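Enquirer: Quick one: the structure is below, and I'll ask about it shortly.
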Amino acid sequence: MSKPFASTGDTEEKPEILEVLADGVYALTTGGDPNVGAIEGEDFLVCFEARATPVMARRWLAQLREHTDKPVRYLVLSHYHAVRVLGAAGFDAQEIITHTETRRLIVERGKEDWDVEFGRMPRLFAGHDTIPGLTWPTLTFDDHMSIELGGDRGTVELAWAGNGHTSGDIYAYVPKSKVLFAGDLVENGSAVYTGDAYHREWMTTTLDRVKALDVEILVGGRGEIAHDRAASQRAIELTRDFLSTLMTAVEKVKVGGGTVEQAYVAAREALLPVYGGMPVFEHAMVFDTWRAWEELDGHAPGIWTPERDRQVWDRLTG
């Protein structure tokens, strides 16, 4: 029996739980769906990630409003994937911040990614007819940007650690509370999607830079919150192990003269014991294997389209 395409078989609504991580620092975990967060300034909010639609964004904001009524001044988007950005209109933010490379990727493949992610994960797009169009940043940066929160609240430090989940991923770090919103650079209790990734750099220098931060609480892109330093370090290493295991399995098949279909089987078998029960595992393995093979051929990430999605899925799972 063939597997349901991507996450189309995932129709069960997940619990959405707001946690207060520190004074004025919040996160919403969603049972394996994309996590989001917010940080209070003296008279404004910095929100991290936008969700897939304005309807989904407002669902999160309704919970946040039980704790604060401050307006959203900054909406920070960790990268360009549709499930993370298309709900931006629901925030009424004064500024939308991304890495410079993320803006380039939106120009290059934003509409294609919208079509692809809607097709892969339809449940996350509740109220998709309310999306006004592609989300565009109003502020971009290359390496680092600091947001002053006012009063004695300190800052939010936004930074690019190197190529990783995409070429434009950024994190948000709150030094005063030592909270890190890592986006999809780190997953904690979820499989890792790498269809647009740079595996070699991600699993070495990029994660090394993330790990060097003084972090007590880590919010990954999916999965559980790591509530202490040891758990935060484990989440980073779990992500690194996924990437390393994937690349080792795919490269072994490729060097041995095998096929990408054989690489998919080998990678899935290698990762299944630890990650098989985690969210998006079956979804991710197909696209992860294809991207790993592509990277080993020396190519940058290709643009996913609905047609390419189905061709790759059918080829590897057929």
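In terms of UniProt numbering, the sequence shown is residues 1 to 318.
Glycine residues also receive a C-beta, built at the ideal position from the N, C-alpha and C atoms.
This one's a predicted model, so the numbers in the text were calculated from it and none came from an experiment.
If you scan the region 86 to 130 from start to end, which runs of the beta strand (DSSP E) of 3 or more residues do you find wholly inside it?
Expert: Fully enclosed beta strand (DSSP E) runs of 3 or longer: 95 to 99.
Enquirer: Looking at the secondary structure, which residues open and close the beta strand (DSSP E) in which residue 203 lies?
Expert: No beta strand (DSSP E) holds residue 203; DSSP gives it neither H nor E.
Enquirer: Rounded to the nearest angstrom, what separates residue 260 and residue 318 at their Cα positions?
Expert: Each residue's Cα considered, the two are about 12 Å apart.
Enquirer: Just the C-alpha distance for residue 1 and residue 283, rounded to the nearest angstrom, thanks.
Expert: With a pLDDT of 47 at residue 1, under the threshold of 50, the modelled position of this residue cannot be trusted; read the value that follows with caution. Rounded to the nearest angstrom, the two C-alpha atoms are 16 Å apart.
Enquirer: Check residue 196 in the structure and name its three-state DSSP category.
Expert: If DSSP states are grouped into helix, strand and coil, residue 196 belongs with coil.
Enquirer: Please say whether residue 217 and residue 21 have beta carbons closer to each other than 8 Å?
Expert: Yes, they are a contact pair.
Enquirer: Measuring alpha carbon to alpha carbon, tell me which of 205, 138, 56 ends up nearest residue 103.
Expert: If we check each option's Cα against that of residue 103, 138 comes out closest.
Enquirer: Please list, in chain order, all residues of the same chain as residue 304 whose beta carbon is under 8 Å from its beta carbon, the five residues on each side excluded.
Expert: Only 109, 112, 113, 116, 195, 196, 287 meet the Cβ criterion.
Enquirer: Out of curiosity, what's the CA-to-CA distance linking residue 61 and residue 126?
Expert: Roughly 15 Å between the two C-alpha positions.
Enquirer: Does the Cβ-Cβ distance between residue 86 and residue 38 come in under 8 Å?
Expert: Their beta carbons are not under 8 Å apart, which means residue 86 does not touch residue 38 by this criterion.
Enquirer: List the endpoints of the continuous beta strand (DSSP E) containing residue 132.
Expert: Here residue 132 belongs to no beta strand (DSSP E), and DSSP marks it neither H nor E.
Enquirer: For chain D, find out if any of its Cβ atoms is closer than 8 Å to the Cβ of residue 102; answer yes or no.
Expert: Within the model displayed, chain D is absent; a lone protein chain is all it includes.
Enquirer: Note the first and the last residue of the continuous alpha helix (DSSP H) segment covering residue 289.
Expert: Note, residue 289: alpha helix (DSSP H), 281 to 296.
Enquirer: Is the beta carbon of residue 72 closer than 8 Å to that of residue 43?
Expert: Result no, Cβ atoms of residue 43 and residue 72 do not sit closer than 8 Å.
Enquirer: DSSP three-state call for residue 242: helix, strand or coil?
Expert: Reduced to three states, the DSSP call for residue 242 is helix.
Enquirer: If you draw a straight line from the C-alpha of residue 131 to the C-alpha of residue 253, how long is it?
Expert: Spanning the two alpha carbons is a distance of roughly 42 Å.
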